[in-house]
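First up is the structure itself, then whatever we jot down about it.
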Amino acid sequence: MVVGPHVMFNGNCEEAMKIYKDLFNGSDLKMVKYKDVESRFDSASMNDKEKNMVLIGEMIINNTTFLFSDIPENYAPGNNMALAIKLKTKEEVNYIFDGLNEEATVHIDLGPTFFSSLYVLFTDKFGINWELMCSE
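With the UniProt record's numbering applied, the sequence shown covers 1 to 136.
Set out below in structure tokens:
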């Protein structure tokens, strides 16, 4: 069995995937939009914006397959989870945080904790919760 994250967005999945790919050195980026498989959906009820949304995206990050999708407006994303990333150095934590903190809401400021030499909890501009921590 393989378990991996499926991250859902409200229409900005493609933008998020490009940023995440660059920050995390993602590979094997794949993306299918709703318009690419219109025969499977009631395309008459979808506007042009919805047709251009990502139905399913995939990329490999650190040997883990991540799935990504835009969700239709009539669904609400659940955000009761965070992507927890344990990095080897403080420099890596700072690099990732610097790349994602524009328009982010920081819940726990970047700093040392009893369980990590550098930790931050925030929600990025796409509404995704992140925990970055250092293992050094």
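Backbone N, C-alpha and C fix where the C-beta goes; we use that ideal spot for every residue, glycine too.
Note that this is a predicted model, so its numbers are computed, not measured.
Which word fits residue i, buried or exposed, when buried means at least 16 other C-beta atoms lie within 10 angstroms of its C-beta?
| i | result |
| --- | --- |
| A16 | buried |
| D124 | buried |
| D109 | exposed |
| V120 | buried |
| F97 | buried |
| S69 | buried |
| G111 | exposed |
In this structure, does DSSP put residue i in helix, strand or coil?
| i | result |
| --- | --- |
| F9 | strand |
| M59 | strand |
| A104 | coil |
| S27 | strand |
| N47 | coil |
| N129 | strand |
| V97 | The sequence as given places Phe at residue 97; Val does not occur at that position. Reduced to three states, the DSSP call for F97 is helix. |
| D36 | helix |
Based on DSSP bridge pairs, tell me the residues matched to residue i.
| i | result |
| --- | --- |
| D70 | F9 |
| L87 | C134 |
If residue i sits next to residue j, beta carbons under 8 Å apart, how far is it from one beta carbon to the other, in whole angstroms?
| i | j | result |
| --- | --- | --- |
| G4 | T65 | 5 Å |
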